[in-house]
Every structure is written in C-alpha cells, then in structure tokens.
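Student: Reminder that position 218 of the sequence shown reads as 218 in full-length UniProt numbering, one-by-one numbering, no gaps.
Quick reminder that beta carbons are idealized off the backbone N, C-alpha and C, glycines included.
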Amino acid sequence: ASIDKRRKGVFGPPLGKKLVVFVDDLNMPSKEAYGAQPPIEILRQHMHWGGWWDRREIEWRQLVDMIYVGAMGLPGGGRTHLTCRYTRWFNIVFVTPFDDEGMTRIFTTILGWWCQNKLPTVSVGQVKDPVVAATLEVFKTVSSELLPTPAKSHYTFNLRDLSKVIQGVMSVDPASIGEVGDVYRLWVHECKRIFQDRLIDTADQKWFHEMQGKVAQTFFKKPMANIIGPGCDGNGMLLYCDFILQEKKAEADYEQRKYQQVSDLKNAMGIVAEFLEDYNMISNKPMDLVLFGYVIEHICRLTRVFRQPAGHALLVGVGGSGRQSLTRLASSIGEFFTFQIEITKNYDVAAWFEDLKVLFKKSGCEDKRCVFLFTDTQIVMESMLEDINNIL
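Laid out in structure tokens, this is it:
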C-alpha cells in the first residue's frame with residue numbers, strides 16, 4: 001500500500017483517500033504463556049493510540065486515515081478467543097452459515113437446470129433431489145466426524161468442497177449418461193475425489209467408504225456395490241478421465257475432450273503408455289516410469305483437477321513417490337505447459353518475481369494453459385508462500 005508522509009511523524013494514504021487494511025484469520029495467533037497475543041496487541045495499539053513508537057529513532061509514528069477490516073472463524077480447531085480490549089474497536093457482523101434449506105435450494109436449482117438441458121433421457125426429479133440431499137449428508141457427516149488434528153491439519157471442509165462435487169457431476173459428457181444409475185455412479189466417484197482423496201490413512205478411507213455406502217442406500221435406494229458395478233478392473237475401481245475416447249487415445253482438441261468413465265484399466269494403461277512415449281520424444285528429461293493401477297489412478301486424479309476452472313492440487317507424500325513425474329505426465333496429457341523454477345545459490349526475491357513474470361506472460365499474453373509445479377524444497381523464502389496464496 002502507498003503511504004505518504006503528511007508532516008513530521010504523521011503518515012497516511014494520499015490526501016483525500018482512506019487506506020483499508022484487511023486482516024484475515026484474526027484469531028489464528030496462538031496465545032503465550034500468560035495469554036498475550038503479540039500480533040493482536042500491535043494492531044490494537046494502532047487502533048487505540050493511532051500509531052507506534054519507532055524504537056530506533058525513539059519517535060512516535062502516527063498513521064491516519066486507515067480503516068481495519070478483519071475476518072475470522074469461530075473459536076476452535078486452532079482458532080483462539082480474542083481479547084475484548086481488541087474486539088471493542090470493531091463493529092462486529094456475524095455471517096450465519098447456510099442452513100440445509102438454503103443449500104438445497106441453491107444446488108437443486110443448478111443441478112436441475114443441467115439435467116433439464118443436458119440429460120433429456122433422465123428424469124430430473126430422480127437426479128437433482130437425491131443427489132443434492134446425499135451430497136449434503138456426506139458433507140455434514142465428514143465435517144463433523146473428520147476434524148483437523150496436528151497430524152491431519154488439512155482435514156478442513158467448507159462449501160467449496162460441496163460445490164465441487166456438483167461441479168464434477170455436471171462436467172461429465174452427457175452422451176455417456178444413459179440412465180439415472182450412471183449419475184449415481186458418477187456421484188460416488190466425485191465424492192471420493194473431493195473428500196476421500198485427502199484422507200491419509202486406511203482407517204479413515206474405510207470409514208468414508210462405509211459412510212458413503214449408507215448414504216447411497218438411504219437416498220438412492222441401492223447398495224453401493226450395485227451402483228459401482230465391476231469397475232474398470234473387475235474389483236470396483238471407479239475412474240473417470242478425459243483422455244480416452246472410445247477406448248482409444250484422445251487426439252481431439254483439448255477443449256473438445258469428453259469426461260467419462262474408464263471401462264478397462266488395462267486399456268487405460270496402454271493409452272497412458274502412449275502419452276508417456278510422446279512425452280519422452282519431446283522432453284529434455286525423459287522419464288522411465290513403470291505403469292500400474294495405482295499410477296493410472298493418480299494420473300486420472302490429476303487430469304481431472306487440471307480440467308476444472310481454478311483447479312489446484314496439493315500432493316502430499318514421501319520423497320521419491322513420483323509426485324513430480326506424474327504431474328509432468330498429467331500436464332503433458334492435458335496439453336499444458338509445465339513451469340518450474342530453478343533454485344540457485346543466490347536465488348532471491350528479485351529472481352522469484354522474474355520467474356513469476358515468465359509464468360504470467362505464458363499464461364496471460366501467450367494464452368497457454370500452464371501448470372506451476374512448486375515443491376517444498378523450493379521454499380527458500382516464506383514470502384513465496386504468501387505470493388502463491390495471492391495467486392490462488
């Protein structure tokens with residue numbers, strides 16, 4: 001933000017303007033042994049006294065024409081209670097969460113429109129009402145049962161996850177939907193991609209599968225095994241992708257690719273092998289990958305994320321498990337440009353910004369679909385994470 005010097009010891013935005021400072025997650029700072037929260041006290045001091053002391057010059061620095069807007073969640077799950085000495089300076093507005101009726105109205109309207117316009121052979125009532133109700137039930141159960149812990153800090157769920165399930169259902173090729181059971185099967189897959197894929201141990205994954213089966217039985221009146229069927233491997237493996245066209249490698253323009261179910265795992269392996277061969281022919285760093293069922297699962301997961309608007313993926317796993325290799329292959333399959341920075345001994349903020357400029361020019365000026373591959377070992381400055389957060 002631009003801060004001008006008004007007069008000696010007084011600073012503020014340009015004359016005639018006010019500076020709005022937005023502070024997110026106000027109650028995230030942890031308390032010290034005696035209950036103090038230094039970041040909050042710094043903000044409180046400015047709101048109370050209008051400035052801070054310059055400890056080097058021993059002079060008072062007053063900041064004027066500034067307005068604070070804060071946002072926070074309810075205490076719990078790592079969020080603390082704020083001191084009344086600080087909250088008294090705010091006009092507090094509580095945003096009530098959506099109730100079931102409101103969320104049902106929103107998503108049944110969206111899904112109903114899609115069914116009516118894209119699925120003329122399927123009854124709208126058999127799709128929109130049970131699918132939305134089942135999705136809400138899964139979302140509420142997961143949110144209440146799978147709570148974040150220090151070992152599972154990413155177990156946080158919000159309405160964005162709920163909307164992504166509906167978005168995934170509506171991204172399928174309508175021609176591949178012949179009956180209402182096909183929609184239910186797609187719903188099972190999308191829920192697993194949104195919720196189950198982030199679960200880190202077998203016990204949680206098993207719990208989710210059993211819970212989803214109970215929800216499916218309640219709202220769809222069908223056992224989970226009947227909905228899934230034999231799957232692509234004969235054992236119930238459920239996969240969807242957009243790089244297989246009529247059991248062959250999709251050669252069509254990326255925008256014309258169809259998102260549909262994988263019917264044969266072995267055939268999918270052969271097609272991915274063709275894409276890998278194409279990648280090795282044009283890449284300066286060819287990859288010698290062994291393809292098997294688990295690899296195909298991850299490739300399908302990544303290509304699914306890449307094809308979605310604002311699709312981003314956080315790959316969690318041990319080193320050497322193939323996260324970068326599969327990302328490069330999935331990016332190549334989706335006809336994306338893979339961008340990755342190179343860390344050097346003297347890599348600094350200026351070099352980081354220059355790399356980001358190259359990425360933005362590729363994406364914005366040249367209109368290329370880009371995948372920014374960024375690993376934890378490349379985090380040489382904490383500010384890099386803040387920049388990436390702003391990009392997202």
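#1: How should Thr377 be labelled, buried or exposed, when 16 other C-beta atoms within 10 angstroms of its C-beta is the threshold for buried?
#2: When DSSP builds the beta bridges, which residues end up paired with Gly7?
#3: Roughly how many whole angstroms lie between the Cα atoms of Pro286 and Ser331?
#4: Following the continuous beta strand (DSSP E) through Val69, name the residue where it begins and the one where it ends.
#5: Pick out whichever of Lys362, Leu265, Lys140 and Phe107 has its Cα sitting closest to the Cα of Phe337.
#6: Quick one: complete alpha helix (DSSP H) runs, 4+ long, within the region 300-384?
#7: Taking one C-beta from the region 38-49 and one from the region 73-90 each time, how about it: are there three or more such pairs within less than 8 Å?
#8: Which residue from Thr104, Val69, Gly73 and Asp99 puts its Cα closest to that of Phe90?
#9: Counting only runs of 3+ residues fully inside the region 21-83, write out the beta strand (DSSP E) ranges in chain order.
#10: So, for Phe292: in the same chain, excluding its five sequence neighbours on each side, which residues have a beta-carbon less than 8 Å away from its beta-carbon?
#11: What are the partner residues of Met287, as DSSP defines its beta bridges?
#12: Taking the straight line between their C-alpha atoms, what separation do you get for Gly51 and Gly35?
#13: Work out the CA separation of Pro309 and Val131 for me, nearest whole Å.
#14: Return the chain-ordered list of same chain residues with a C-beta closer than 6 Å to the C-beta of residue 410, the five sequence neighbours on each side being excluded.
#15: For Ile391, name the three-state secondary structure that DSSP assigns.
#16: By Cβ distance below 7 Å, which residues in the same chain neighbour Arg301 in space, the five residues on each side in sequence not counted?
#17: Is the region 163-181 close to the region 101-116, with three or more CB pairs under 8 Å?
#18: Alpha carbons only, please: which of Met211, Val272, Trp352 and Thr202 is nearest the one belonging to Asp242?
#19: Helix, strand or coil, according to DSSP, for Ile244 in the structure here?
#20: DSSP three-state call for Gly112: helix, strand or coil?
#21: Does the distance from the CB of Gly178 to the CB of Thr121 come in under 8 Å?
#22: My guess is that Gly234 and Met224 are in contact by the Cβ rule of under 8 Å, so how many angstroms apart are they, rounded?
#23: So the alpha helix (DSSP H) Thr276 belongs to, where does it begin and stop?
#24: Out of Leu276, Asp161, Val180 and Gln62, which has the shortest C-alpha to C-alpha gap to Cys115?
#25: Could you tell me which of Asp288, Asp100, Val127 and Ile244 sits nearest to Glu137, measuring between CA atoms?
Tutor: With the structure as the only source:
#1: exposed
#2: Checking the displayed sequence, the identity of residue 7 turns out to be Arg instead of Gly. According to DSSP, which records beta bridges pairwise, Arg7 is partnered with Val10.
#3: 14 Å
#4: Met66 to Gly70
#5: Distances from the CA of Phe337 to each of Lys362, Leu265, Lys140 and Phe107 were compared; the closest alpha carbon is that of Lys362.
#6: 323-333 and 349-360, all fully within the region 300-384.
#7: Yes, the region 38-49 is in contact with the region 73-90.
#8: Of the listed residues, the one whose Cα sits closest to Phe90 is Val69.
#9: 51-54, 59-63 and 66-70
#10: So the qualifying residues of the chain are Met269.
#11: Paired residues: none, contrary to the question.
#12: 23 Å
#13: 22 Å
#14: Outside the modelled stretch of the chain, which goes from 1 to 392, sits residue 410, for which no answer is possible.
#15: helix
#16: Arg193 and Asp197
#17: yes
#18: Val272
#19: Residue state, collapsed to three classes: strand.
#20: Reduced to three states, the DSSP call for Gly112 is helix.
#21: yes
#22: With a Cβ gap of about 16 Å, Gly234 and Met224 do not count as contacting.
#23: Reading the sequence as shown, one finds Leu at residue 276 and not Thr. Start and end: Leu265 to Ile282.
#24: Val180
#25: In terms of CA proximity to Glu137, Asp100 leads the group Asp288, Asp100, Val127 and Ile244.
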